Amino acid sequence: MRPVIGITTYVEPATWGVWHDLATALVPHDYVAAVTGAGGRAVLLPPDDLDADVIGVLDGLVLSGGADLDPELYGAEPGPLTVTRPERDSAEVLLARAALEADLPVLGVCRGMQLLAVAAGGSLHQHLPDVLGHEGHRPAPAVYGRQEAIFAPGSRVAALMGDDRVVQCYHHQGVADAGSLRVTGLAEDGAVEAVEDPARSFVLGVQWHPEVVRDKRLFGALTAAASARKATDKTAHKAKSEAAGDPMG
Amino acid sequence: MRRPLIGLTSYAEQVKYNGNDVMAGMLPMSYVKAVHATGGRAVLITPDDPGTDVLESLDGIVFAGGGDIDPAHWGAEPHPETDADPVRDLSELMLMRAALDAGLPVLGVCRGMQLMAVATGGSLHQHLPDIVGHDRHRAAAGTDPLAADSSSFGRHDVVLQRGSRAMGMLGGRVTVNSFHHQAVDDPGRFTVSGWCPDDRIVEIIEGRDRTFALGVQWHPERTSDLRVFAALAEAAAHRSGLSRTGLAA
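Line by line, the protein sequences are chains A and B. Letter by letter, the first sequence follows residues 1 to 249 in full-length UniProt numbering. Letter by letter, the second sequence follows residues 1 to 249 in full-length UniProt numbering.
Pasting the structure below:
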């Protein structure tokens, strides 16, 4: 059985076929294809803030992109350009914290990276052009900005990305303070491009969109970490069963 | 005790939302909310993945509504009004057969019920107005079937077979919404346990053995009557030893 990788979904009024502006759980298919292509089995996780028990069946988690996080989560007032989805926020903060607690392998993408930073006690810039003085990280609607990232020597992301450091960005917010995470990637203008938690098995957040190029470097590392955890779980379970004299193992 | 994990088959569709126009894995939130309201935890299963291993993680599965099933699967030529999605068909037929083989509790909604029939050797009527001479099983021509609420569906009664599992759940007669132009002709391995009294169109099919397998032609997720979702959640909890009744059994 392949490692099961959960992908958080957006909830948006969507239009297709005969339907118009119907509340829909959705995620760009690129995420699913990236997980499948890297050997994982994707399941989509629509928001649900009752509990985070679903992580019990997951071997890995992708925190997807989307709208802005509610600034209340990091103790700020909303700026004029901040657009939030409270239903996603409450469910995903719960999920992210439970995943970190359980040492579940996590890849955060765009909003997902920002969520990792906030869940780790950090904070965001609510409108990066105010800080950087340019729109290069979101040049125009539905147009990705091309950035060349600089990675911290010895970091996980540096090892995974190698020499090809060109990334596709689309965001207007950014990490101001990564909390207990380590900033391991920057754009040339100083915007945070990657964060990691060196104390955990696999916690990586990237500000860009690796799913649009089905980047096997990152999604492959996630599924590899998920498979490794799954194998460890199985061994632990087997040892426990044998110790208890359970013939079913 | 964790909630039963209920998989929902989803679509891969080109959708428009917030100025985006992308291929997305998606499902109307009404299904997700129906699962959460009846004590389950919903995850979405994307239709393009060549494998059934995901079923091992689930306690129950809902085959959701959607487009027509390719009539080649029961050896018929396509009707001019038939519009099929071959990728989704193959993926869901594989999942359906594997779920039934594994004894996983199954709920089929609209297309999902038709899939239960086709997956087990049954067949469909491809265009109901040709058979019954009226179009009351879907919303009036020219109306947006789901734009406002369930009142935009056609509505009619369903009479239930005495002694059936469905009657135990729903009683002898229910009024349902309706939005379909195809219907079950031969229910395959299943038993018909509900009909539209006006035209004898099949509205409910169910399994004969102990495994919970129920198909309904209407859209309970668009109503406040979620009894069939509650029954699925209960069967899922029971099978996985998550309910008090499950522990006592």
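Glycine included, C-beta positions come from ideal geometry on N, C-alpha and C. None of the values given here were measured: they were computed from a predicted structure.
Candidates the options: closest to residue i by CA position
i	options	result
E211 (chain A)	A:P28, A:Y74, A:Y10, A:V4	A:P28
H137 (chain B)	B:T120, B:N177, B:A98	B:N177
V87 (chain B)	B:G67, B:I131, B:C196	B:G67
S201 (chain A)	A:V213, A:H171, A:Q173, A:T232	A:T232
P47 (chain A)	B:A42, B:L55, B:T46	B:A42
S64 (chain A)	A:P80, A:L160, A:E72, A:R88	A:R88
S123 (chain B)	B:H73, B:S224, B:D59, B:R3	B:H73
G40 (chain B)	B:M113, B:H156, B:R2, B:A119	B:R2
G179 (chain B)	B:T46, B:L93, B:D89, B:R111	Just to set this straight, residue 179 (chain B) is Phe in the shown sequence, not Gly. The residue with the shortest Cα to Cα distance from F179 (chain B) is B:R111.
T82 (chain A)	A:A42, A:H171, A:E148	A:H171
residue 250 (chain B)	B:R222, B:G7, B:T211	Past the boundaries of the shown model lies residue 250 (chain B); chain B is included only from 1 to 249, so the question cannot be answered.
Q147 (chain A)	A:T84, A:G185, A:Y10	A:G185
G108 (chain A)	A:P129, A:A119, A:L73	A:A119
P80 (chain B)	B:D130, B:T46, B:E92	B:D130
Y11 (chain B)	B:T38, B:D53, B:A64	B:A64
T38 (chain B)	B:L226, B:A236, B:Q161	B:L226
P4 (chain B)	A:T235, A:V57, A:L204	A:V57
V159 (chain B)	B:S193, B:G7, B:M169, B:H127	B:S193
P78 (chain B)	B:A233, B:H127, B:V15, B:T223	B:H127
A99 (chain B)	B:G207, B:T223, B:Q217	B:G207
A23 (chain A)	A:A33, A:G17, A:V11	A:V11
A158 (chain A)	A:E196, A:L181, A:L132, A:P105	A:E196
G66 (chain A)	A:C169, A:F151, A:A194, A:A191	A:C169
Partners in chain A for residue i, counting only beta-carbon separations shorter than 8 angstroms
i	result
V109 (chain B)	In chain order: nothing, as chain A lies at least about 16 angstroms away.
D53 (chain B)	M1, R2, R41
A42 (chain B)	P46, D48
E56 (chain B)	M1
H36 (chain B)	D48, L50
Identified DSSP bridge partners for residue i
i	result
residue 278 (chain A)	Any property of residue 278 (chain A) remains undetermined from this structure, which presents chain A solely from 1 to 249.
I201 (chain B)	DSSP, once it has assigned bridges, lists no residue as partnering I201 (chain B).
E13 (chain B)	B:A24
E206 (chain B)	B:T191, B:L214
T24 (chain A)	A:E12, B:P28
A237 (chain B)	None; A237 (chain B) has no bridge partner.
I5 (chain A)	A:A42, A:G60
A194 (chain A)	A:G185, A:V206
R85 (chain A)	Partner(s): none; R85 (chain A) has no beta bridge.
H125 (chain A)	A:G174
H180 (chain B)	Note: H180 (chain B) sits in no beta bridge, so no partner.
L8 (chain B)	B:L44, B:V62
V159 (chain B)	B:R173, B:W195
A120 (chain A)	Its beta-bridge partners do not exist; DSSP assigns none.
A140 (chain A)	A:V143
V106 (chain A)	A:L61, A:V203
residue 274 (chain A)	Because chain A spans 1 through 249 in this model, residue 274 (chain A) falls outside it and cannot be assessed.
G154 (chain B)	B:S178
D225 (chain B)	In the DSSP output, where bridge partners are listed per residue, D225 (chain B) has none listed.
Closer than 9 angstroms at the beta carbon, the chain A residues around residue i
i	result
S10 (chain B)	A25, L26, L44
S243 (chain B)	Here the premise fails: no neighbours, minimum Cβ distance about 15 angstroms.
Within chain A, the residues that residue i reaches when beta carbons sit closer than 7 angstroms
i	result
T46 (chain B)	V32, A42, L44
R3 (chain B)	D53
V32 (chain B)	A25, P46
Within chain B, the residues that residue i reaches when beta carbons sit closer than 7 angstroms
i	result
T36 (chain A)	D49
D130 (chain A)	Simply none; closest approach about 22 angstroms.
H171 (chain A)	Near H171 (chain A) there are no residues of chain B at all, since even the closest Cβ is about 14 angstroms away, more than 7 angstroms.
Closer than 9 angstroms at the beta carbon, the chain B residues around residue i
i	result
E92 (chain A)	Those do not exist, as E92 (chain A) stays about 15 angstroms from chain B at its closest Cβ, beyond 9 angstroms.
P153 (chain A)	Within 9 angstroms Cβ-Cβ: nothing; P153 (chain A) doesn't reach chain B, min ~36 angstroms.
T15 (chain A)	V15, K16, Y17
Proximal chain B residues relative to residue i, where beta-carbon distance stays under 8 angstroms
i	result
E12 (chain A)	Y17, N18
Uninterrupted beta strand (DSSP E) stretches inside the region 39 to 126 of chain B (no shorter than 3 residues): 41 to 45, 60 to 63, 106 to 109, 123 to 125
For the region 187 to 218 of chain A, which residues have a CB atom closer than 8 angstroms to at least one CB atom of chain B, in sequence order? Those would be none; no residue qualifies.
Beta carbons nearer than 8 angstroms to chain B: which residues of the region 50 to 77 of chain A have them? L50, D51, D53, V54, G56, V57
Give, in chain order, every residue of the region 11 to 30 of chain B whose Cβ lies closer than 9 angstroms to some Cβ of chain A. Y11, A12, E13, Q14, V15, K16, Y17, N18, G19, N20, D21, V22, M23, A24, G25, M26, L27, P28, M29, S30
Residues, ordered as in the chain, of the region 220 to 232 of chain A that lie near chain B by beta-carbon distance below 8 angstroms: none
Report the residues of the region 108 to 142 of chain A with a CB closer than 9 angstroms to any CB of chain B, ordered along the chain. P141, A142
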